[in-house]
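So the mapping is simple: our numbering equals the position in the sequence shown, first residue as 1, plus 58.
Yeah, the Cβ is synthetic: ideal placement off N, Cα and C, and Gly gets one too.
Given the structure is predicted, the values throughout are model-derived calculations rather than measurements.
Just below is one structure, and these are the notes that go with it.
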Amino acid sequence: MSKPLSVEGLNKEAILTYLSSEAMRKLTRLDIFERIDSTNTYLLQQAKNHPSAGWVCLAEEQTNGRGRNGKVWLSPKKSNIYCSLLWQFPKTTQDLSSLSLAVGVMVVKALERAGIGQGLQLKWPNDVYYADRKLAGILIEGIFQPKTYAVVIGVGINVEPVSLQSAIGLKEITKDVISRNQLAAYLIEELCQSLPQFEAQGFSAFKDQWQQLDMLSGNLITITQREASLTGTALFVNQHGELVVDVEGKERVFQCGEVSVRVA
Ligand code: BTN
59 MSKPLSVEGL NKEAILTYLS SEAMRKLTRL DIFERIDSTN TYLLQQAKNH PSAGWVCLAE
119 EQTNGRGRNG KVWLSPKKSN IYCSLLWQFP KTTQDLSSLS LAVGVMVVKA LERAGIGQGL
179 QLKWPNDVYY ADRKLAGILI EGIFQPKTYA VVIGVGINVE PVSLQSAIGL KEITKDVISR
239 NQLAAYLIEE LCQSLPQFEA QGFSAFKDQW QQLDMLSGNL ITITQREASL TGTALFVNQH
299 GELVVDVEGK ERVFQCGEVS VRVA
């Protein structure tokens with residue numbers, strides 16, 4: 059039976075009890091900090107000396123939580139989930155640029171498993187939304203190593219109500235969801251289970267699920283690239299994870315990381 063969401067502290071033993079044996083095999087280390095600058099920064103530093111896959115870092119609070127495009131990710135104490143996973147991909151892995159979109163699907167699956175049923179959506183490239191408000195964000199950072207691509211996958215999930223109108227916390231969606239330890243475990247489980255699938259098949263294995271969650275498709279959007287903006291209708295996300303947009307009757311393709319997008 060699921061427990062109500064509480065301010066229980068993150069606890070390693072509790073998290074491990076929720077993990078399947080398959081995920082346990084992939085998980086090589088789990089660090090939990092009361093306070094840290096950023097779980098992503100920590101694992102990026104560790105990756106330089108310990109090129110191991112399956113290393114997870116969670117924190118109760120981040121003093122320098124980082125979002126995409128150099129933004130700050132507000133990370134108050136015991137409110138949310140701040141989780142990073144270090145993973146190693148072989149140099150042969152195709153199309154790592156679409157990894158962040160595939161991770162979006164994994165985060166949605168973890169949230170669905172945690173009891174958030176209908177209503178979750180993905181805003182290209184990888185923001186998780188509920189009722190047009192942002193519920194979770196993903197920051198992927200990589201370092202090149204001689205034999206592998208070391209990648210740190212950072213996920214922030216809002217749990218407590220958020221003061222920003224544009225964001226939402228799990229507690230505003232449902233009063234009867236699971237504990238933070240269970241939610242963290244579901245997230246780790248999804249990532250550990252699905253990253254090998256991404257390694258083998260790339261984004262094509264996630265494209266159909268992504269398209270079902272697509273928040274922008276059919277909407278008028280404004281795309282900003284450096285100083286310039288243009289408006290068009292979002293059509294779909296292709297097999298490379300690129301956004302295809304109808305701009306004045308012509309299909310234009312945009313890559314993740316190059317542009318920012320908002321509903322017009
Ligand atoms: C976004 O801008 O939407 C991405 C936010 C990513 C936040 C997470 S919280 C855990 C990890 N550590 C960080 O400093 N950032 C990511």
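Using a Cβ-Cβ cutoff of less than 8 angstroms, which residues in the same chain neighbour residue i once the five nearest sequence positions on both sides are dropped?
i      : result
Gly112 : Lys84, Leu85, Thr86, Arg87, Leu143, Leu144, Trp145, Cys250
Thr99  : Asn122, Arg124
Ala263 : Ala160, Gln255, Phe256
Gly195 : Gly125, Arg126, Trp131, Asn184, Asp185, Val186, Val213, Gly214
Glu309 : Leu293, Val302, Val303
Using DSSP's beta-bridge definition, name the partner residues of residue i.
i      : result
Phe91  : Ala117
Leu178 : Tyr188
Glu309 : Asp304
Leu159 : Paired residues: none, contrary to the question.
Trp145 : Val209
Asp272 : Leu180
Leu288 : Ile281
Arg124 : Val130
Ile215 : Ile139, Ala194
Ser96  : According to DSSP, Ser96 bridges with nothing at all.
Does chain C have any CB closer than 8 angstroms to the CB of residue i?
i      : result
Ala172 : The structure shown contains no chain C, having only a single protein chain.
Return yes when at least one heavy atom of ligand 1 lies under 7 angstroms from the C-beta of residue i, else no.
i      : result
Arg124 : yes
Tyr140 : yes
Leu271 : no
Asp185 : yes
Val305 : no
Gly212 : yes
Ile299 : Per the sequence shown, residue 299 should be read as Gly rather than Ile. Every heavy atom of ligand 1 is 7 angstroms or more from the Cβ of Gly299, so no.
Lys129 : yes
Ser376 : This structure gives no information on residue 376, because the portion of the chain shown stretches from 59 to 322.
Asn98  : yes
Leu197 : yes
Gln103 : no
Gln179 : no
Gln146 : no
Gln120 : yes
Might you give, ordered along the chain, the residues of its own chain that have their beta carbon closer than 7 angstroms to the beta carbon of residue i, omitting 5 neighbours on each side?
i      : result
Gln269 : Phe294, Val295
Asn69  : Asn239
Thr151 : Tyr207, Glu257
Ala81  : Ile246, Glu247, Cys250, Gln251
Phe202 : none
Thr282 : Val317, Ser318
Glu66  : Ser237, Arg238, Asn239
Pro219 : Gly227, Lys229, Glu230
Pro134 : Glu119
Gln391 : Residue 391 lies beyond the stretch modelled for the chain, which goes from 59 to 322, so this question has no answer here.
Leu178 : Val166, Leu169, Glu170, Val186, Tyr188, Leu271
Ala225 : Arg191, Lys192, Asn216
Asp153 : Gly260, Phe261, His298
Taking residue i as the reference, which of the options has the closest Cα?
i      : options                        : result
Gly317 : Val302, Gly307, Glu306, Arg284 : A quick correction: the sequence has Val, not Gly, at residue 317. When each option's Cα is compared against that of Val317, the closest is Arg284.
Ala292 : Asp304, Gly299, Glu300, Ala286 : Asp304
Lys265 : Asn138, Trp182, Arg171         : Trp182
Gly200 : Ala117, Gln103, Asn138         : Gln103
Gly276 : Gly290, Ser110, Lys149, Leu101 : Gly290
Phe261 : Lys149, Ser155, Arg93          : Ser155
Lys106 : Leu157, Ile139, Lys205, Lys135 : Lys205
Asn138 : Arg191, Arg171, Ile73, Ala242  : Ala242
Excluding the five sequence neighbours on either side, which residues of its own chain have a C-beta within less than 6 angstroms of the C-beta of residue i, listed in chain order?
i      : result
Ala168 : Tyr244, Leu245, Glu248
Val311 : Glu300, Val302
Ala117 : Phe91, Ile94, Thr97, Tyr140
Ala322 : Leu278, Ile279, Thr280, Thr289
Arg320 : Thr280
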